[in-house]
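Protein chains in written order, with our numbering: chain Y, 40 to 452; chain S, 6 to 197. Just so you know, even glycine gets a beta-carbon here, dropped at the ideal spot from N, CA and C. To start, the structure under review is shown below, and the notes come after it.
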């Protein structure tokens, strides 16, 4: 991929709406306002305003999807996919990415100040849904003057938002690209999220969510993240990356230079160049002796590192609210598969990955089945990848081929 | 242009909807889109072929033929195409019944096991035949059903499936006489 070429310097912008007394009515019937949305855009909107693509981030992502912030070295979390000549070619398309409602990277969430109390909302923040996130995104594209999006695209929770766009605003999208996602969470997916939430709530620093301004529930959040990372990888990718290598306890656990690791870690996912260094002098391959309950194995050190770096940039309450929104999501709305996409004229490109056991391919096939039953034009590919759920961030070559040709077709209709 | 594609193209009405099961690299579907303005959907098992289809701007689903039809409603498409793929499915009857259910018409191209060279190889050499339309050796063939043009015609008659049109060909030409002996391939437009 043309990694060197990116959109260059970018900055996050902010849009605020739902001022009193025009608060936004959420799906829970509660009202929320004002709402600030952090977003970035890349490329330029054409005169017909017909080339806008909305990128939807996953659980821990943010608005910074591509390029660089001034003075920082962290590339956007999907920089391999967004830029000149990339899947979302910024020479052709106007690409938008915003932080989700309930998030903690610029958009209003539980860590934001509650105007009624002048303190952080904490658990006074209303329960939000994937539909509410999409509702907020629709306000943003209205504000940007875009009547209809060329495409909505995202992986994991981003894919669920793409489905919510299809169902809630079918007249607003010409195509949707849900990647490695599901119409609704299975009990297994809910179970993993629940263990993550319990880890946060079991942290004595959590204090019913009222930890702002004091010690943070870092251990709980880090543990939640460690569990998450296990589910994002596959048995094979873990074995390839870590094997049973032991780290030497004489030296700290080593990674690729921090700027590279964090560069990949916008979504805080394991990148092909964002993970471990090849075994170096600090790693004793196949030897070394157990040292008790320290991180003896490479994989242990990796998870600890991932957990620790996550707490520096993510809010524990956001983790609770967003994972709950994912668990509650049901694109079918209780209807039959043959009903849900009935009014849709958009084209759909669904992508799944063979080794993804968190969002297995059968879940993407359910999306395809709904399209088949409703006569929606659909393309589906199950990419042969060993990266597990992380694959949606890593399989740039295959995804770029699929996405770029798909967008070209949709743009030509 | 491949002769079988030419024949299939002539069987398809302009502006109709087409589902091609086992569409390969999408050559036929792409031809139908360009020359017949069809609304096209493909299904293909090979991931690399999917990429080729997508590059042609086609809607294509990654999946096998055996399970590909099941989800569609009755008469979802004007034509369901099974070109050189019906002999390879595990459950012939299920796929056949689903195809005539999902399509107003089914177009299927099939290899003729009773082609004269196959007969000769079997009779004189006593070996499993290898012919232009059945090019595989017995140990690496993807084909699981071996039948002749007559077999297929009998099969359709027994199931009250109407053969609307048929065309026969060998490697390069249309065959008009004794197709069950002289044709390597039969192409049928059928409906139920």
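Option nearest residue i by Cα separation, candidates the options
i              : options                        : result
residue 358(Y) : 166(Y), 57(Y), 155(Y), 79(Y)   : 166(Y)
residue 232(Y) : 270(Y), 446(Y), 101(Y)         : 270(Y)
residue 407(Y) : 67(S), 145(S), 96(S)           : 67(S)
residue 137(S) : 156(S), 179(S), 171(S), 188(S) : 188(S)
residue 104(Y) : 116(Y), 97(Y), 98(Y), 110(Y)   : 116(Y)
residue 185(S) : 178(S), 167(S), 158(S), 102(S) : 158(S)
residue 29(Y)  : 92(Y), 87(Y), 48(Y), 77(Y)     : Within the shown structure, residues of chain Y are numbered from 40 to 452, placing residue 29(Y) beyond reach of any answer.
residue 388(Y) : 373(Y), 417(Y), 376(Y), 365(Y) : 417(Y)
residue 282(Y) : 339(Y), 332(Y), 356(Y)         : 339(Y)
residue 80(S)  : 134(S), 8(S), 21(S), 71(S)     : 21(S)
residue 111(Y) : 47(Y), 261(Y), 133(Y), 53(Y)   : 47(Y)
residue 428(Y) : 156(Y), 412(Y), 198(Y)         : 198(Y)
residue 371(Y) : 204(Y), 81(Y), 131(Y)          : 204(Y)
residue 214(Y) : 154(Y), 225(Y), 187(Y)         : 187(Y)
residue 142(Y) : 161(Y), 191(Y), 81(Y), 257(Y)  : 161(Y)
residue 64(Y)  : 171(Y), 222(Y), 345(Y)         : 171(Y)
residue 366(Y) : 119(Y), 268(Y), 196(Y)         : 196(Y)
residue 175(S) : 141(S), 132(S), 122(S), 142(S) : 122(S)
residue 121(Y) : 95(Y), 201(Y), 392(Y)          : 95(Y)
residue 84(Y)  : 346(Y), 267(Y), 135(Y)         : 135(Y)
residue 437(Y) : 130(Y), 81(Y), 218(Y)          : 218(Y)
residue 82(S)  : 89(S), 92(S), 167(S), 103(S)   : 103(S)
residue 149(S) : 160(S), 49(S), 95(S)           : 95(S)
Collapsed DSSP secondary structure at residue i in the structure displayed
i              : result
residue 353(Y) : coil
residue 292(Y) : For residue 292(Y), the predicted model reports a pLDDT of 47, less than 50, meaning its position is unreliable; a value from the coordinates is still stated below. DSSP places residue 292(Y) in coil when its eight states are reduced to three.
residue 299(Y) : A caution first: residue 299(Y) carries a pLDDT of 37, below 50, which makes its placement in the model unreliable, though a value can still be read off. Residue 299(Y) falls in the helix class under three-state DSSP.
residue 83(S)  : strand
residue 179(S) : strand
residue 136(Y) : strand
residue 67(S)  : strand
residue 220(Y) : coil
residue 321(Y) : Because the pLDDT at residue 321(Y) is just 42, under 50, the model does not fix this residue reliably, and the point stays unresolved.
residue 185(S) : helix
residue 420(Y) : strand
residue 212(Y) : strand
residue 51(S)  : coil
residue 119(Y) : coil
residue 141(S) : coil
residue 3(S)   : Residue 3(S) lies beyond the residue range present for chain S, which begins at 6 and ends at 197; the question has no answer from this structure.
residue 111(Y) : coil
residue 338(Y) : helix
residue 54(Y)  : strand
residue 104(Y) : coil
residue 452(Y) : coil
residue 59(Y)  : coil
residue 48(Y)  : strand
residue 279(Y) : helix
residue 126(Y) : coil
residue 191(S) : strand
residue 316(Y) : Because residue 316(Y) sits at a pLDDT of 36, beneath the cut-off of 50, its placement in the model cannot be relied upon, and the following sentence gives the value as read from the coordinates. If DSSP states are grouped into helix, strand and coil, residue 316(Y) belongs with coil.
residue 174(S) : strand
residue 257(Y) : helix
residue 233(Y) : helix
Under 7 Å from the C-beta of residue i: neighbouring residues of chain A
i              : result
residue 169(S) : Protein chains Y and S are contained in the structure displayed, whereas chain A is not.
Quiz item: Of all the alpha helix (DSSP H) runs that stay within the bounds of the stretch 366-414 of chain Y, which reach a length of 4 or more residues?
Solution: Under the rule that a run must span 4 or more residues, the alpha helix (DSSP H) segments found entirely inside the stretch 366-414 of chain Y read 376-379, 400-413.
Exercise. Enumerate, from N- to C-terminal direction, the unbroken alpha helix (DSSP H) stretches of 4 or more residues contained entirely within the stretch 16-46 of chain S.
Key: 32-41
Quiz item: Can you find at least 3 beta carbon pairs, one from the stretch 30-39 of chain S and one from the stretch 101-119 of chain S, that sit closer than 8 Å?
Solution: no
Self-check item: Residues from the stretch 414-444 of chain Y in contact with chain S, defined by Cβ distance under 8 Å
Solution: 414, 416, 417, 418, 419, 420, 421, 422, 423, 437, 440, 441, 444
Self-check item: chain Y contacts from the stretch 76-107 of chain S (Cβ-Cβ distance under 8 Å)
Solution: 76, 77, 78, 81
Quiz item: Along the stretch 399-411 of chain Y, what residues have a CB closer than 8 Å to any CB found in chain S?
Solution: Those residues of the stretch 399-411 of chain Y that come within reach of chain S (Cβ to Cβ, closer than 8 Å) are 404, 407, 408, 411.
Quiz prompt | Segments assigned beta strand (DSSP E), at least 3 residues, entirely inside the stretch 142-202 of chain Y | solution = At a cut-off of 3 residues, the continuous stretches assigned as beta strand (DSSP E) that sit fully inside the stretch 142-202 of chain Y are 190-194.
Quiz item: Do the stretch 335-349 of chain Y and the stretch 211-225 of chain Y make contact, defined as three or more Cβ pairs closer than 8 Å?
Solution: Contact between the stretch 335-349 of chain Y and the stretch 211-225 of chain Y is absent, because fewer than three Cβ pairs lie under 8 Å.
Quiz item: Is it a yes or a no for the stretch 427-446 of chain Y touching the stretch 388-399 of chain Y, going by three-plus beta-carbon pairs under 8 Å?
Solution: By the Cβ rule, the stretch 427-446 of chain Y counts as touching the stretch 388-399 of chain Y, because three or more pairs are nearer than 8 Å.
Quiz item: Three or more beta-carbon pairs under 8 Å between the stretch 16-32 of chain S and the stretch 68-77 of chain S, yes or no?
Solution: Yes: the two stretches touch, three or more of their Cβ pairs being nearer than 8 Å.
Quiz item: Taking contact to mean at least 3 C-beta pairs separated by less than 8 Å, is the stretch 70-85 of chain Y in contact with the stretch 145-164 of chain Y?
Solution: yes
Quiz item: What residue ranges within the stretch 95-153 of chain S form continuous alpha helix (DSSP H) runs of no fewer than 4 residues, ordered along the chain?
Solution: 97-107, 121-125
Quiz prompt | Cβ contact check for the stretch 189-196 of chain S and the stretch 110-127 of chain S: 3 or more pairs under 8 Å | solution = yes
Quiz prompt | Contact list for the stretch 56-70 of chain S against chain Y, Cβ threshold 9 Å | solution = 56, 58, 59, 60, 61, 62, 63, 64, 65, 66, 67, 68
Exercise. For the stretch 46-61 of chain Y and the stretch 174-193 of chain Y, state whether three or more C-beta atom pairs, one from each stretch, are separated by less than 8 Å.
Key: yes
Quiz item: Is there contact between the stretch 242-255 of chain Y and the stretch 341-361 of chain Y, where contact requires at least three CB pairs shorter than 8 Å?
Solution: Segments in contact, yes.
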